[in-house]
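Just so we're aligned: the sequence shown equals residues 2 to 388 in my numbering. Backbone N, C-alpha and C define an ideal beta-carbon position, used for all residues, glycine too.
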Amino acid sequence: MERVPSMKSAESAYLPSAVAPVGAHIEQYDPWLEINTRNLAWNVAQVRKIVGDMPIMAVVKCNAYGHGTVGVAKALEQQGIDQFAVVKVQEALALRESGIDGTVLNFGPFSPAEARQIVTHDISQSVFSDTVDTLAQAAKEIGKPAKVHIKVDTGLSRVGVPYGQALAYIERVASLPDVLIQGVFTTLAEEEDFDPVQTDRLQTICRDAEKRGIAVGTVHAASTSGITASPASYLDMVRPGNCFYGFEAQPQMELKPTLSLKSRVILVKKIVPGDTIAYHRRFRAEKGMLLATLPVGYADGYPPQAVGKADVLIQGRRWPLIVYMSANHALVDITGAEGIQIGDEAVLIGSQGDETIFVTEVAEWADSSPYKVTTGMSPFLPRVFLE
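As structure tokens, then:
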């Protein structure tokens with residue numbers, strides 16, 4: 002695959018190592034992530050097959066589920082997506098810094114100091130409490146409107162103005178002269194019988210607001226689960242997130258994985274019977290072994306709970322991760338191998354030769370979920386975007 006740059010700079014003032022320089026990993030032995038933008042485009046097409054011409058707001062929160070907020074947003078922009086959702090002001094600012102000029106909605110909280118940044122950089126902000134007054138004051142001082150999406154709690158009971166109080170809150174926000182309501186939204190519980198109840202509650206609130214002469218803007222509820230299970234929740238816009246990354250199967254979609262975690266062998270060592278390995282001499286060799294050391298550890302985001310069950314690909318073959326993973330190192334049992342040497346590529350997630358290790362496998366080995374595995378990838382890992 003051809004290696005291509007995804008933004009004007011590899012660094013961001015707001016996020017560490019948003020996108021690695023092209024080819025940055027070729028000469029290094031430290032681990033890196035590769036993001037397959039061709040598969041990302043394929044997954045976008047799978048969503049569009051279902052939702053048609055419905056507007057899409059791509060959820061790139063949590064560092065794009067570990068894939069890299071800026072690089073993923075740039076790749077999605079090439080697929081015609083110009084609306085993005087994040088959960089941190091820093092992520093929103095990084096998108097603006099990178100040149101993303103479409104809608105950026107921050108689902109997360111903000112401080113009084115960040116209110117000025119939100120207004121200055123034309124970031125849309127989720128509101129559901131009196132903190133909207135902070136935005137209004139910042140907007141008045143700066144001389145441009147604060148753009149908001151009102152979050153309604155229709156039954157998830159996490160964040161949002163309770164649906165019984167939502168109409169009054171919408172009226173209050175609409176009365177603020179320096180605040181523009183761009184949308185009203187909710188988060189579904191992803192429960193077959195309850196999602197329609199939530200959707201109806203949201204629509205009723207918005208209809209009542211419009212009857213009072215309030216323009217509520219874009220009404221939205223459906224995330225990935227809603228897209229596949231609850232077409233009635235599409236409303237004015239859908240908010241797909243994890244389906245773009247292809248790390249777990251979704252009904253009606255043929256998704257392809259986009260993320261690979263790779264490193265290189267930094268040492269090949271023979272172990273004789275009786276040798277001990279790891280802190281506290283955790284492992285004692287009962288027979289001669291050949292081990293490969295990788296500079297990958299739990300500090301990089303690989304789940305250490307997978308060790309003892311997990312495999313790694315070296316020279317197109319599966320080899321077991323053994324003993325123990327430290328913050329920065331992992332050991333691979335390559336006993337019986339011929340020709341493995343320092344510098345050889347090691348794949349912890351992804352393909353090599355005819356073999357593939359899927360994120361779902363790593364999640365199963367770690368008794369976790371694909372979402373948690375990818376989201377846990379360190380933001381300091383270089384992310385190389387491939388076409």
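query	result
Through-space distance from E35 to E3, alpha-carbon basis	Reliability fails at E3, whose pLDDT of 40 lies under 50, so the model's placement of it is uncertain and the value that follows must be treated cautiously. Each residue's alpha carbon lies about 12 angstroms from the other.
CA-to-CA distance, L177 to C244, given in whole angstroms	37 angstroms
Three or more C-beta pairs below 8 angstroms linking the region 121-128 and the region 136-149	yes
Selected residue, minimal CA-CA separation from P274, among G72, W43, K288, Q29	K288
Integer-rounded CB distance, given that S369 should sit under 8 angstroms from P304	6 angstroms
Simplified DSSP assignment, three categories, for F111	coil
Distance, V324 Cα to V333 Cα	9 angstroms
Host alpha helix (DSSP H) of V71 (start-end)	70-78
Cβ separation of L181 and D301, assumed to be a contact under 8 angstroms, to the nearest whole Å	Contact doesn't hold; Cβ gap of about 42 angstroms is too wide.
The beta strand (DSSP E) enclosing E1, as first and last residue numbers	No statement about residue 1 is possible, as the shown extent of the chain runs from 2 to 388 and does not include it.
Counted within 10 angstroms of its Cβ, other Cβ atoms place I343 as buried (16 or more) or exposed	exposed
Rounded Cβ spacing between G242 and L256 (contact assumed at less than 8 angstroms)	13 angstroms between Cβ atoms; not a contact.
One or two residues paired with I358 in a DSSP bridge	G351
Cross-strand partners of F1 (DSSP beta bridge)	Coverage of the chain is limited to positions 2 through 388, which leaves residue 1 absent and any answer about it impossible.
Outcome for A233 when other beta-carbon atoms lying within 10 angstroms are tallied against a minimum of 16	exposed
Backbone CA spacing between R286 and I267 [nearest angstrom]	Sequence check: residue 286 is Ala here, not Arg. Going from the Cα of A286 to the Cα of I267 covers about 21 angstroms.
Minimum C-alpha distance to I228 - residue among M55, T38, I358	M55
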